[in-house]
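Under the working numbering, the first residue of the sequence shown carries the number 1306, and numbering increases by one thereafter.
Ideal Cβ placement from N, Cα and C applies to all residues, glycine included.
Just so we're clear, the structure is a prediction, and the values are computed from it rather than from any experiment.
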Amino acid sequence: MKRKGFTLGRFQPFHNEHAKLIERMKSECDEVYVGVLKTKFSEYNPFTYEEREEMISGYDSSLNVFEYDKKDVVTLGLGIRLELPFGSVFYSGDKKECACMAALGFVVDYKKRGVGSATAVRKKLFSGTEEWKELVPESSSSVIERVKDQKEKGLKKIKKQKKFRGKYDL
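Right, dumping it as structure tokens:
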């Protein structure tokens, strides 16, 4: 029987630490599934599902990418349980998600999150420097380059709406 592994995340954007996790999963599993969290546009979530799916699939087209809604991780886990056989591995740095998936019978591979951070990528991306490019794979870089101006305009609009909140932090 093929060993299957899956992970969940926002991938805002898909960066080098995510790519390292994918490579580890591929070395340990025959099939890899990547769940991308459904999000509303904000300073923390500037990329659409389609853009993030393109970043991930562009990195490796053999990955099975799907969108999910975190509001109900138990239902999500049950749905995945119906699709993936026992012995499937859940990879995560989120202790609560790991506990939920372990309770549903998945093998859990918990690893504390690495030093790479999507927040750091977003800060560098919208600061006007090119330093962000070293933090993401080429597949993410090409998508970001294509949509960057549009995202900056949307974030400026959000910033104006939230002026009363004080410092603007990505």
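message = So for V1339, helix, strand or coil by DSSP?
response = strand
task = Reducing DSSP to helix, strand and coil, say where L1313 ends up.
result = strand
query = Around the C-beta of P1318, are 16 or more other C-beta atoms found within 10 angstroms, so that it is buried, or is it exposed?
reply = buried
key: Terminal residues of the alpha helix (DSSP H) in which S1332 lies   = 1321–1333
key: Separation of T1312 from G1340, as counted between CA atoms   = 6 Å
request  = Would you identify the three-state DSSP class for Y1415, choosing helix, strand or coil?
outcome  = strand
message = Could you tell me the alpha carbon to alpha carbon distance between G1459 and R1315, rounded to whole angstroms?
response = 19 Å
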